[in-house]
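To convert, note that position 18 of the sequence shown is 80 in this note's numbering; the numbers rise steadily by one, no gaps.
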Amino acid sequence: MNDDARLLTISEVRQRLGGISHSRFYTLARELDLPLYKLGRLTRVRERDLAAAVVRLPKIGQSTRSSGNVDGPGQRG
């Protein structure tokens, strides 16, 4: 099997993302539109889908939410 087609467990993915919590994983999966695959009761993530999702993570200094404040904090127009 091609390495990027490998199916990862949720625990493996959480560890690769710095040991994030179970609930934070599912929040991130939803925010990043990360495809999850069900094999019976098991949930898996394709390695290539995880790599693509990581690229979509916000970089430090970039906000993922619009605060509505165009001028920035502490500034008034």
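Backbone N, C-alpha and C fix where the C-beta goes; we use that ideal spot for every residue, glycine too.
Residue from ALA113, LEU69, LYS121, ARG68 with nearest C-alpha to ASP95: The residue you call residue 95 lines up with position 33 of the sequence shown. Here the closest residue by C-alpha is ALA113.
Assign ALA91 to one of two classes, buried (16 or more other C-beta atoms within 10 Å of its C-beta) or exposed (fewer than that). The residue given as residue 91 occupies position 29 in the sequence shown. Answer is buried; the Cβ neighbour count reaches 16.
CB of ARG110 within 8 Å of CB of ALA67, strictly: Counted from its first residue, the sequence shown places residue 110 at position 48. Counted from its first residue, the sequence shown places residue 67 at position 5. Closer than 8 Å, so yes.
With a floor of 3 residues, list each beta strand (DSSP E) that falls wholly inside the segment 77-109, ordered by position along the chain. 99-101, 104-108
Straight-line gap, GLY81 to VAL107 (C-alpha atoms, nearest Å): Walking along the sequence shown from the start, residue 81 turns up at place 19. Walking along the sequence shown from the start, residue 107 turns up at place 45. GLY81 and VAL107: Cα-Cα distance of roughly 16 Å.
Report the three-state DSSP secondary structure of LEU119 (helix, strand or coil). Counting from one through the sequence shown, the residue named residue 119 turns up at place 57. Three-state result, LEU119: coil.
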